[in-house]
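To start, the structure itself, in structure tokens.
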Amino acid sequence: MNKVIVSAALILGLGLTTSYSQTAKKSKIKKENSMEISNKQKVVALLKSIETGAHEPASYINPDKYIQHNLGVADGVAGFGALLQMVPANSAKVNTVRAFEDGDFIFTQTDYNFFGPKIGFDIFRFENGKIVEHWDNLQETPAAANPSGHSMIDGATELKDLDKTEQNKALVKNFVSDILVNGKMEKLAGYFNGDDYIQHNPNIPDQLSGLGGALGALAQQGVFMKYDTIHKVLGQGNFILVVSEGHFGADHNAFYDLFRVENGKIAEHWDVVEKIAAQDTWKNTNGKF
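When we follow the working numbering, the leftmost residue of the sequence shown carries the number 49, and every step to the right adds one.
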């Protein structure tokens with residue numbers, strides 16, 4: 049009888065041990081999975097590594113496929129590495145102010161000191177948790193605030209209205225198409241809440257009247273800003289980024305415009321304008337867009 053009890057106890061004990069082991073294993077896997085960082089966190093870490101020199105974030109890039117659209121950087125991981133090697137030691141500073149996610153895309157707005165002070169937008173595309181493609185637009189940081197006292201990066205950062213992402217993307221795309229591509233200025237006021245409008249462009253003051261006045265002043269000087277093509281519209285909640293191609297005066301430019309939408313109206317705007325380099329200077333053949 050005692051042998052039967054001991055045998056039963058051993059079997060039960062073994063069962064409990066096996067069960068505990070399986071539970072512990074599942075718990076460990078769950079913990080490891082919970083420690084997996086998001087694509088947004090990967091991008092912020094990768095950008096910060098330009099400043100810190102950390103090596104781990106480079107592992108977030110697919111080593112076999114990295115399509116580069118910065119025309120001054122060679123394609124692939126090797127091109128990215130070569131760029132970093134050119135940065136003077138301890139000179140780079142990177143502060144990502146805003147980061148957003150739209151499907152496989154992460155887009156960020158960053159305050160750089162990278163071969164000089166710059167404000168930049170970056171877009172990264174992911175496949176299976178790895179970065180496989182990158183676009184950006186950079187503009188030299190102005191020495192002074194704009195006419196309303198704003199910098200190119202200050203202002204609202206709170207992400208909300210996630211259920212309105214597609215609605216807000218449609219609103220902003222229609223605004224860029226109507227006003228900046230097709231010049232239907234009679235529709236301008238309909239996209240704003242009266243005169244309420246916060247502007248971060250270095251040369252334009254707040255309010256809708258400020259925007260209209262600035263565009264009018266440029267036109268009087270014979271300088272026109274014309275968007276020709278919308279290439280991308282990305283968004284998360286109340287923040288929408290539009291990537292466009294066009295001309296500012298005689299220059300062929302890439303326009304990256306970030307809008308904040310509030311209650312179905314455009315409430316705030318940031319942008320970066322970069323002249324597209326002549327094709328014979330490109331270090332890759334992927335194009336700007």
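Just so you know, even glycine gets a beta-carbon here, dropped at the ideal spot from N, CA and C.
Should residue i go down as buried or exposed, given a rule of 16 or more other Cβ atoms within 10 Å for buried?
| i | result |
| --- | --- |
| residue 269 | exposed |
| residue 284 | buried |
| residue 105 | buried |
| residue 103 | exposed |
| residue 168 | buried |
| residue 250 | buried |
Can you tell me the Cα-Cα spacing of residue i and residue j, whole angstroms?
| i | j | result |
| --- | --- | --- |
| residue 256 | residue 239 | 10 Å |
| residue 177 | residue 197 | 40 Å |
| residue 159 | residue 136 | 18 Å |
| residue 265 | residue 253 | 13 Å |
| residue 282 | residue 134 | 31 Å |
| residue 301 | residue 324 | 5 Å |
| residue 92 | residue 147 | 8 Å |
| residue 156 | residue 234 | 32 Å |
| residue 119 | residue 267 | 30 Å |
| residue 115 | residue 319 | 24 Å |
| residue 317 | residue 132 | 31 Å |
| residue 204 | residue 248 | 11 Å |
Please return the same chain residues whose Cβ sits closer than 7 Å to the Cβ of residue i, not counting the five positions on each side in sequence.
| i | result |
| --- | --- |
| residue 279 | 291, 292, 293, 337 |
Whose C-beta lies closer than 6 Å to the C-beta of residue i among residues of the same chain, with five residues either side of it excluded?
| i | result |
| --- | --- |
| residue 81 | Since pLDDT at residue 81 reaches only 43, below the 50 mark, its modelled position is unreliable, and no value is offered. |
| residue 87 | 154, 174 |
| residue 172 | 91, 154, 179, 182 |
| residue 195 | 253 |
| residue 262 | 252 |
Can you find a CB in chain B that lies within less than 8 Å of the CB of residue i?
| i | result |
| --- | --- |
| residue 188 | The displayed structure is made up of one protein chain only, and chain B is not part of it. |
Near residue i, what residues of its chain come up, given a Cβ to Cβ distance below 8 Å and the 5 sequence neighbours on each side ignored?
| i | result |
| --- | --- |
| residue 275 | 224, 228, 229, 292, 293, 294, 303 |
Could you tell me whether any non-hydrogen atom of the ligand SAM is closer than 7 Å to the CB of residue i?
| i | result |
| --- | --- |
| residue 150 | For the ligand SAM, the structure offers nothing, since it holds no ligand at all. |
Rounded to the nearest angstrom, how far is the Cβ of residue i from that of residue j, given a contact under 8 Å?
| i | j | result |
| --- | --- | --- |
| residue 308 | residue 315 | 5 Å |
Check: Three or more beta-carbon pairs under 8 Å between the segment 207-220 and the segment 120-133, yes or no?
Finding: A contact is defined here as three or more CB-CB pairs under 8 Å, and the segment 207-220 fails this definition with respect to the segment 120-133.
Check: On the three-pair Cβ rule with 8 Å, is the segment 104-113 touching the segment 148-157?
Finding: No, they do not touch.
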